[in-house]
Amino acid sequence: MRVFGLAGWSGSGKTTLVSQLIPEFVRRGIRVSTIKHAHHAFDVDQPGKDSYVHRMAGASEVLVSSANRYALMHELRGAPEPTLDQLLARLSPVDLVLVEGFKRDRHEKLEIHRPSIGKPLLAPDDPNIVAVASDAALVGLRVPLLSIDDVPAIADFIVSRARLSGAA
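Count the sequence shown with the numbering used here and you get residues 95 to 262, in order.
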């Protein structure tokens with residue numbers, strides 16, 4: 095599995111871009127999965143659901159399954175948060191895993207940067223950022239600049255960097 099990340103400040107458009115890239119990769123015949131880092135209060139389970147009752151009763155893992163999908167919830171209960179490598183090991187094999195967040199991990203990343211949100215570029219301080227996608231002209235970058243609105247070109251860049259076949 096090839097791993098490629100999207101990093102950027104909150105509100106920069108990472109999730110929007112990932113949701114546009116996924117169908118582009120699928121159209122090209124590239125099997126893709128995603129891992130998204132979430133905030134501490136994140137929870138997929140809700141009070142009143144049987145799975146929630148199981149977790150609150152002390153189950154270490156709860157797997158909910160239907161004819162359409164399944165979801166595994168693993169309670170950390172004070173254990174350290176899993177590393178990206180540990181999470182990747184839990185995925186079924188695919189061609190490409192897009193990683194949203196985990197900006198401090200050491201995998202190749204595309205920075206999503208919008209000057210309008212008022213945050214600095216990450217690229218100057220992160221050698222793992224191999225390109226920047228932005229909605230503005232940026233000067234003095236050490237990496238390629240891509241238009242945040244050109245999803246096919248961004249997909250081409252990721253396919254090339256990840257050494258995948260399937261470029262359109």
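C-beta: ideal position from N, C-alpha, C; glycine also. This structure is a prediction, so every number in the text was calculated from the model and none was measured.
Endpoints, alpha helix (DSSP H) assigned at residue i
i      : result
Met150 : 144 to 150
Ala247 : 245 to 255
Which of helix, strand or coil DSSP assigns to residue i
i      : result
Glu118 : helix
Ser241 : strand
Ser259 : coil
Ala101 : strand
Thr177 : coil
Ser228 : strand
Arg184 : helix
For residue j and residue i, believed in contact at Cβ under 8 Å, the rounded distance
i      : j      : result
Leu204 : Ala227 : 6 Å
Asp189 : Val126 : 7 Å
Leu115 : Val233 : About 26 Å separates the two Cβ atoms, so there is no contact after all.
Arg255 : Val224 : 6 Å
Val138 : Ala161 : Incorrect: roughly 19 Å between the Cβ atoms, too far for contact.
Nonlocal neighbours in the same chain, by C-beta distance under 7 Å from residue i, ignoring five residues either side
i      : result
Leu235 : Ala217, Val226
Lys130 : Glu194, Gly195
Leu192 : Phe98, Leu100, Val112, Leu115, Val126, Thr128
Cβ shell of residue i (< 8 Å), same chain only, five flanking positions each side left out
i      : result
His106 : At residue 106 the sequence reads Ser, which differs from the His that was named. So the list reads Ile206, His207, Arg208, Ile211, Lys213, once near-sequence residues are dropped.
Residue i, buried or exposed, once every other Cβ within 10 Å from all chains shown has been counted against 16
i      : result
Arg149 : buried
Ala101 : buried
Gly99  : buried
Segment limits, beta strand (DSSP E) that includes residue i
i      : result
Leu204 : 203 to 207
His168 : 164 to 168
Val193 : 190 to 194
Leu215 : Here Leu215 belongs to no beta strand (DSSP E), and DSSP marks it neither H nor E.
Ile57  : Residue 57 is absent from the structure shown; the chain starts at 95 and stops at 262.
Leu157 : 155 to 159
Proximal residues to residue i (C-beta, below 6 Å), its chain only, five neighbours per side dropped
i      : result
Ser159 : none
Asp229 : Arg208, Ile242
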